[in-house]
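Peer 1:
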Amino acid sequence: MSKELNLVGNERGILKSEVVKSAMSSVLDGEDKDYTSVSVLLVSDEEIQEVNKKYLGHDYATDVVTFPLHEGSKPIEGEIYVSLQTTERNSKLFNNSHSDEIIRVVIHGMLHLAGYEDSSSESRDEMKKKEDFYLGLIEDSLMTKPE
């Protein structure tokens, strides 16, 4: 069975593909999860708002929306939609580079695909710790420093 990690919508070269795939692989390896195909789709606020409204009933833009396409304990398959505009705003709010903020939400989406939830304050705290852990695993040479 083939395995794919994809980055879609990076025509402007905002991210290094190897950084995104390294982040995705770090979570899959660290959580001991097998996978078939995971795609990160970089989209606009308008596109993510449409997806958020259509599938989740939320009529607003957000930074990330994750869709698991696998069932139960089967190998992970999914899509992670990332809003370039929302992550850019959040990067300024959190004093990160835009690319680092995108990587953070990609890791967040990967954790959802691995089975983590953020529906309570305890589960949000656990996910935040995991995000920080996986961000720390990515080599500094691959990441951009805040401007």
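Read in order, the letters of the sequence shown correspond to residues 28 to 174 in my numbering. For each residue, glycine too, the CB sits at the ideal point set by N, CA and C.
Rounded to a whole number of angstroms, what is the C-alpha to C-alpha distance between A88 and D56?
Peer 2: Within the model, the alpha-carbon separation for A88 versus D56 is close to 30 Å.
Peer 1: Could you have a look at L42 and say whether DSSP puts it in helix, strand or coil?
Peer 2: Coil.
Peer 1: Can you tell me whether K155 is helix, strand or coil according to DSSP?
Peer 2: helix
Peer 1: Would V65 and V132 qualify as a contact pair, given that the criterion is a beta-carbon distance under 8 Å?
Peer 2: no
Peer 1: Which word fits E31, buried or exposed, when buried means at least 16 other C-beta atoms lie within 10 angstroms of its C-beta?
Peer 2: Flag for E31 reads exposed.
Peer 1: Tell me, please, which residues DSSP counts as bridged to V47.
Peer 2: Residue pairing by DSSP places V47 opposite no residue, since no beta bridge is assigned to it.
Peer 1: Give me the Cα-Cα distance between G105 and S126, rounded to the nearest whole angstrom.
Peer 2: 21 Å
Peer 1: With DSSP as the reference, please indicate the residues paired to F94 in a beta bridge.
Peer 2: Looking at the DSSP output, F94 sits in a beta bridge with E106.
Peer 1: Suppose the cutoff is 7 Å on Cβ atoms and the five residues either side in sequence are ignored; what does the same chain contact list for E174 look like?
Peer 2: With a pLDDT of only 43 at E174, under 50, the local geometry of the prediction cannot be trusted, and the value read off the model is given with reservation. If we look at E174 and ignore the five residues flanking it on each side, its Cβ neighbours are S124.
Peer 1: Using the DSSP secondary-structure output, state which residues sit across from L164 in a beta bridge.
Peer 2: DSSP, once it has assigned bridges, lists no residue as partnering L164.
Peer 1: For E45 and K81, what's the separation of their Cα atoms in angstroms?
Peer 2: 31 Å
Peer 1: With a threshold of 16 other CB atoms inside 10 Å of the CB of E128, please say whether the residue is buried or exposed.
Peer 2: Flag for E128 reads buried.
Peer 1: In terms of residues, what are the limits of the beta strand (DSSP E) holding E115?
Peer 2: First-last for E115: L111 to L120, but that is the alpha helix (DSSP H), not the beta strand (DSSP E).
Peer 1: So for E31, helix, strand or coil by DSSP?
Peer 2: strand
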